[in-house]
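Residue numbers (our numbering): 129 to 324. Virtual Cβ for every residue (Gly too), placed ideally from N, Cα, C.
Structure (structure tokens):
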């Protein structure tokens with residue numbers, strides 16, 4: 129029984145290692161230009177081992193996306209906020225947390241945006257993930273907003289899209305904490321005006 133447990137643990141660790149290596153390779157080279165040999169080399173395994181865990185490079189891509197999506201983290205962030213927390217404080221906390229997640233998942237964000245315009249399946253998955261993130265955020269804000277549900281969804285999507293674009297174009301290059309805090313403060317104030 130102990131041997132089976134150790135094997136299962138080792139298999140899970142190897143699978144995670146392959147997924148993380150694939151994320152690194154896909155974000156640097158792009159999905160199409162990446163090979164299973166590149167991923168195996170990055171993970172420090174033989175390329176044949178990949179096919180023990182994944183039937184194709186595309187299946188590995190979906191595993192990368194499932195493992196590294198931001199939505200579960202966003203859900204947990206919103207659960208951390210107490211009901212009595214004011215809207216400005218709650219939104220500030222959420223945006224700071226999202227920036228930390230973007231910092232941690234920079235390779236995933238770069239891969240997604242790099243591949244989404246070349247691969248319709250990735251574009252569709254990105255659209256689904258964004259829609260799910262907006263839905264999570266809307267569930268948190270529904271009771272705190274005075275605008276209609278459709279307007280709330282659009283406002284959230286616009287804010288999240290702007291945040292990601294700001295991160296990709298400006299924030300990750302500048303790495304200026306004061307600039308980021310100013311962006312968060314202004315964005316929160318503007319967003320509150322829209323939803324109130």
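Going by other Cβ atoms of all chains shown within 10 Å of its Cβ, with 16 needed for buried, is residue 151 buried or exposed?
Numbered from its first residue, the chain shown carries residue 151 at position 23. So residue 151 counts as buried.
My output table needs one value for residue 271: the three-state DSSP class, helix, strand or coil.
Residue 271 sits at position 143 when you count from the first residue of the chain shown. Note: residue 271 maps to helix in three-state DSSP.
Could you give the C-beta distance for residue 171 and residue 149, rounded to a whole number, given that I count them as a contact under 8 Å?
Here residue 171 is taken as the residue at index 43 of the chain shown, counted from 1. Here residue 149 is taken as the residue at index 21 of the chain shown, counted from 1. Yes, residue 171 and residue 149 are in contact; Cβ-Cβ is about 4 Å, under 8 Å.
Residue 209, DSSP secondary structure in three states:
Indexing the chain shown from 1 puts residue 209 at position 81. For residue 209, the secondary structure class from DSSP, reduced to helix, strand or coil, is coil.
Mind checking residue 261: buried by the 16 CB within 10 Å criterion, or exposed?
In the chain shown, counting from the first residue as 1, residue 261 sits at position 133. By the neighbour-count rule (16 or more Cβ atoms within 10 Å), residue 261 is buried.
Return the chain-ordered list of same chain residues with a C-beta closer than 7 Å to the C-beta of residue 281, the five sequence neighbours on each side being excluded.
By one-based count along the chain shown, residue 281 stands at place 153. Same-chain partners within the cutoff: 262, 266.
Going by the CB atoms, is the gap between residue 300 and residue 216 shorter than 8 Å?
Against the chain shown, residue 216 aligns to sequence position 88. Against the chain shown, residue 300 aligns to sequence position 172. No.
Thinking just about the alpha-carbon of each residue, which of 253, 248, 173 is nearest to the one in residue 198?
Your numbering for residue 198 matches position 70 in the chain shown. Looking at the Cα atoms, 253 is the closest of the given residues.
Under 8 Å between C-beta atoms, does residue 192 make it to chain B?
Reference to chain B is not applicable here, since this structure consists of a single protein chain.
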